[in-house]
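Working notes for the structure below.
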Amino acid sequence: MNDSIDYSGHTGGGHGNAGPLDFTVSNAAGMTFAGIGYQTNASGQVTVLGTGQHFESNSGGWWFTADIYDAATGLTYNVGARDAIGPCEGPACALTPGVPEPAAWSLMILGFGAAGAMMRRRRALAVA
């Protein structure tokens with residue numbers, strides 16, 4: 007995978023060299039940015055990663071970072087990609103409310119029945 011970042015639009019003190027920053031990531035098995043068969047939303051953001059070798063973000067959301075040292079100025083620049091996965095949108099991403107399993111339903115019904123039986127039993131014992 008080869009890519010290029012256009013560094014000419016940077017802001018700040020005008021440090022560094024204007025122009026594209028070229029980098030290469032390689033893997034003998036082949037690598038894509040988001041995997042084979044990834045899905046995007048209407049804005050073009052990746053919502054579902056595909057299969058195969060691809061970048062994975064760390065817990066901070068970073069996909070990759072690189073420190074670039076400029077010997078002419080003695081400055082180090084950090085370049086990275088972050089938060090490439092957009093928010094999930096559409097019916098596939100809708101939250102489904104939790105539904106209790108049959109065993110949970112039976113335990114709830116049994117519990118309410120036992121509580122009702124205890125209330126009736128105590129009332130009958132108090133009268134006698």
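Heads up: the sequence shown begins at 7 in the numbering used here, then just goes up one per residue. Where is the CB? At the ideal position from N, CA and C, for every residue including glycine.
Would residue i pass as an interface residue toward chain B - the criterion being a Cβ-Cβ separation below 8 Å?
i: T46; result: Absent from the structure: chain B. Only one protein chain is present.
For residue i, I'd like the list of residues in its chain whose CB is within less than 8 Å of its CB, leaving aside the five on either flank, ordered along the chain.
i: F118; result: none
i: R126; result: none
Spatial neighbours of residue i within its chain, please: CB distance less than 7 Å, with the 5 preceding and 5 following residues excluded, ordered by chain position.
i: W111; result: none
Given 7 Å as the limit, tell me if residue i has its C-beta closer than that to any heavy atom belonging to the ligand MG.
i: G119; result: Summarising the ligand content, the structure contains no ligands, and the ligand MG is consequently not present.
Within a Cβ cutoff of 6 Å, which residues of the same chain sit near residue i, ignoring the five residues on either side of it in sequence?
i: D73; result: T82, N84
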